[in-house]
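*Asks:* Have a look at this one before I ask anything.
Here it is in structure tokens:
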């Protein structure tokens, strides 16, 4: 279980995250929703240890993450960044392999267990066929799947994904969300920032709605994505009949 | 196979360089002199002139190749070169100041001190800020300052001879290399190459971006400090002995990347090996082209050989 207590965090003197407290349980897929600039990415970066919080604590299984070394923390939390960045000419397999960075030896060696985990994460993201291709020769959707495979290769109990489906076509969006849902069903805690409220409603078990760095609503999607919250947070109306998500054709 | 060819090429350059010079020596003469069983003259030519020159060239080339590869990995930019952090300019400033005062024997120490001051300044300026762009800006600033001060020192040069010494020294040469130079340069460069090789795995992780690298346990502060110190050791000790030798740090990792791929874990040691071979090769060419009373400076030659090949590769890559 991850516990966030009175978290204040941001860039320089300005705190974007304003006193957030929340908790996530094993098996939950939590969708962070909110307008641009509401603090979704800042919250994820703080949880991942990229930004040091001004105050407050983040505990995992009762232990404060701030007391962990960066390597130990990296084994607990896997972070999938919003930007799809990798060395252009690097082959896919080597990119996925980087997920094992917290476990490798001083010269980059990877154990046989690590290799099995890499293979399995490539199977789950359907990237085995791409393994020898260079990153810059892949489509946007393929790049997203490869980087998801990299994030899964960490095999961490917590997965944080910052807008993993942005700029993807509907089929890729659904397959990415299905992959994240599968990880949650395996007992992991998945927290993902999403702009697509239909997909958030369809795939998440819980939603944290952010506005101006504060969680203004949290709970199951049906409860959070109501007309009042949508109006206050996004200035939009709830669609008639609620959110309806697309399905894959087969 | 490619690796074996690279090793053979580098070793061949080092061995072949022992045969190059104004005195023609046969294979047996060279072998005997290496073992100390040749004539006195041959022993001096091989053991005190040609061998130190070749080994010093190999060590300096290795340091420049490795630091170029590490910097290109850190900045994620194939145009980064050791000069980008300003260490070449700082070492040159130290050496030019030593020449200004006529302290010829103190040139290596002055150049190393210049590099140490440059490294200290860059570590201080880039401070706790974690971004690669801050480090580059700090490097460009320190480099510009050191270049301006070098110009100032030359401007107030006490006499034309001191000025010409400074100009020639800045062009880079291995012609005066002795074993004592190798003893100064080799340990520092080897420590620098080891440091840079050890950060290879972290540099590879950094290819996913700084945020992802941090989330994977990479300490950007530690990585940057090792990069700065490792590069300072490689570049500073090289410039201290042979003057400013450009282009190797830019051009060698670029070629190695095309042949062996972009993995910094392999790229750094392979760039060291090929940098060693290339600098000795360039020195062989400079000795071939040098007649009595003239000298073709190595720093000029490395650029003259490297630039056309680099441009050819760049154009070829753009077409692909």
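Chains as they are written, first to last, in the working numbering: chain A, 1 to 250; chain B, 1 to 320. Glycine residues also receive a C-beta, built at the ideal position from the N, C-alpha and C atoms. On a predicted model such as this, the values are computed, not experimentally measured, just so you know.
(1) By the 7 Å beta-carbon criterion, what residues does the segment 81-105 of chain A contribute toward chain B?
(2) Shorter than 6 Å, the distance from the beta carbon of residue 89 of chain A to the closest heavy atom of the ligand PLP, or not?
(3) My output table needs one value for residue 5 of chain A: the three-state DSSP class, helix, strand or coil.
(4) Check each candidate in B/140, B/23, B/47, B/162 and name the one with the smallest Cα separation from residue 102 of chain B.
(5) Do residue 233 of chain B and residue 191 of chain B have their C-beta atoms closer together than 7 Å?
(6) Looking at residue 61 of chain B and residue 276 of chain B, is the spacing between their C-beta atoms short of 7 Å?
(7) Using a Cβ-Cβ cut-off of less than 8 Å, give me the residues of the segment 82-110 of chain B that come near chain A, in sequence order.
(8) Looking at chain B, which residues of the segment 103-136 of chain A have a Cβ within less than 8 Å of any of its Cβ atoms?
(9) What does a CB cutoff of less than 8 Å around residue 153 of chain B pick up in its chain, not counting 5 residues either side in sequence?
(10) Which residues mark the beginning and the end of the beta strand (DSSP E) in which residue 206 of chain A is found?
(11) Starting from residue 189 of chain A and walking both ways along the beta strand (DSSP E), at which residues does that stretch end?
(12) Identify the contact partners of residue 71 of chain A in chain B, using a Cβ-Cβ distance below 8 Å as the criterion.
(13) Go through its chain and collect everything with a Cβ distance to residue 268 of chain B's Cβ below 7 Å, but skip five positions before and after it.
(14) Tell me which residues of the segment 158-181 of chain A have at least one Cβ-Cβ distance to chain B shorter than 7 Å, keeping chain order.
(15) How big is the Cα-Cα spacing for residue 24 of chain B and residue 53 of chain B?
(16) Residues of chain B with CB closer than 7 Å to the CB of residue 49 of chain A, please, in chain order.
(17) Quick one: Cα of residue 160 of chain B to Cα of residue 180 of chain B, how far?
(18) Between the Cα of residue 86 of chain A and those of A/145, A/17, A/19, spot the shortest distance and give me the residue it belongs to.
(19) Taking the alpha-carbon positions, what's the residue 204 of chain B to residue 145 of chain B distance?
(20) Return the chain-ordered ranges of every alpha helix (DSSP H) run that is complete within the segment 228-264 of chain B and spans a minimum of 4 residues.
(21) Quick one, which of B/271, B/17, B/189 has its alpha-carbon nearest residue 73 of chain B's?
(22) Count the C-beta pairs between the segment 124-141 of chain A and the segment 44-58 of chain A that are closer than 8 Å, then say yes if the count reaches three, no if not.
(23) Once DSSP output is grouped into helix, strand and coil, what is the label at residue 127 of chain A?
(24) Buried or exposed: where does residue 263 of chain A fall if 16 or more other Cβ atoms within 10 Å of its Cβ makes it buried?
(25) Quick check on residue 230 of chain B - is its C-beta less than 7 Å from some C-beta in chain A?
(26) For my contact list, residue 216 of chain B and residue 149 of chain A are in at a C-beta cut-off of 8 Å; report their separation, rounded to the angstrom.
(27) Residue 222 of chain B: buried (16+ other C-beta within 10 angstroms of its C-beta) or exposed?
(28) May I ask you to list the residues that DSSP assigns as paired with residue 38 of chain A?
(29) For residue 1 of chain B, count the other beta carbons within 10 Å of its own beta carbon; 16 or more makes it buried, fewer makes it exposed. Which is it?
*Replies:* In brief:
(1) The segment 81-105 of chain A vs chain B, Cβ under 7 Å: 81, 83, 85, 86, 87, 89, 90, 94, 98, 101, 102, 104.
(2) No copy of the ligand PLP occurs in the structure displayed, which carries no ligand at all.
(3) On the first chain, residue 5 of chain A is found 5 positions in, with the first residue counted as 1. Strand, per DSSP.
(4) Here the question's residue 102 of chain B lines up with position 102 in the second chain. It is B/162 whose Cα lies nearest to the Cα of residue 102 of chain B.
(5) Here the question's residue 233 of chain B lines up with position 233 in the second chain. Here the question's residue 191 of chain B lines up with position 191 in the second chain. Against a cut-off of 7 Å, the Cβ pair of residue 191 of chain B and residue 233 of chain B comes out as a contact.
(6) Within the second chain, residue 276 of chain B is the residue found at index 276, counting from 1. Within the second chain, residue 61 of chain B is the residue found at index 61, counting from 1. Yes, they are a contact pair.
(7) Residues passing the 8 Å Cβ filter: none.
(8) Listed in sequence order: 104, 106, 107, 108.
(9) Locating residue 153 of chain B in the second chain gives position 153, where the first residue counts as 1. Excluding residues within five positions, the ones whose Cβ falls inside 8 Å are 93, 96, 97, 100, 166.
(10) Position 206 of the first chain, counted from the first residue, corresponds to residue 206 of chain A. Start and end: 206-211.
(11) Your numbering for residue 189 of chain A matches position 189 in the first chain. Unbroken beta strand (DSSP E) run through residue 189 of chain A: 189-193.
(12) Locating residue 71 of chain A in the first chain gives position 71, counting from the first residue. Those within 8 Å of residue 71 of chain A in chain B are 217.
(13) In the second chain, residue 268 of chain B corresponds to position 268, counting from 1. Excluding sequence neighbours, residue 268 of chain B sits near 66, 69, 70, 196, 197, 200.
(14) Among the residues of the segment 158-181 of chain A, none has a Cβ less than 7 Å away from any Cβ of chain B.
(15) Locating residue 24 of chain B in the second chain gives position 24, where the first residue counts as 1. Locating residue 53 of chain B in the second chain gives position 53, where the first residue counts as 1. Using only the alpha carbons, I get a separation of about 17 Å.
(16) Here residue 49 of chain A refers to the residue found at position 49 of the first chain. Residues of chain B with a Cβ closer than 7 Å to the Cβ of residue 49 of chain A are, in chain order, 214, 215.
(17) Walking along the second chain from the start, residue 160 of chain B turns up at place 160. Walking along the second chain from the start, residue 180 of chain B turns up at place 180. Each residue's Cα considered, the two are about 29 Å apart.
(18) In the first chain, the residue the question calls residue 86 of chain A occupies position 86. Nearest of A/145, A/17, A/19 to residue 86 of chain A, Cα basis: A/145.
(19) Within the second chain, numbered from 1, the residue matching residue 204 of chain B stands at position 204. Within the second chain, numbered from 1, the residue matching residue 145 of chain B stands at position 145. Taking the CA atoms as reference points, residue 204 of chain B sits about 32 Å from residue 145 of chain B.
(20) 248-260
(21) Here residue 73 of chain B corresponds to residue number 73 of the second chain, with the count starting at 1. Minimum Cα distance to residue 73 of chain B is reached at B/271.
(22) no
(23) If you number the first chain from 1, residue 127 of chain A lands on position 127. In this structure, residue 127 of chain A counts as coil in the three-state DSSP scheme.
(24) Absent from the structure is residue 263 of chain A, since the part of chain A shown begins at 1 and ends at 250.
(25) Looking up residue 230 of chain B in the second chain gives position 230. No, its Cβ sits nowhere closer than 7 Å to a Cβ of chain A.
(26) Position 216 of the second chain holds residue 216 of chain B. Position 149 of the first chain holds residue 149 of chain A. Not quite, the Cβ-Cβ distance comes to about 14 Å (not below 8 Å), so this is no contact.
(27) On the second chain, position 222 is the one that residue 222 of chain B refers to. Exposed, by the Cβ-count rule.
(28) As a position in the first chain, residue 38 of chain A is number 38, starting the count at 1. Paired residue(s): none; residue 38 of chain A is not in a bridge.
(29) By 1-based counting over the second chain, the position of residue 1 of chain B is 1. Residue 1 of chain B is exposed by the Cβ-count criterion.
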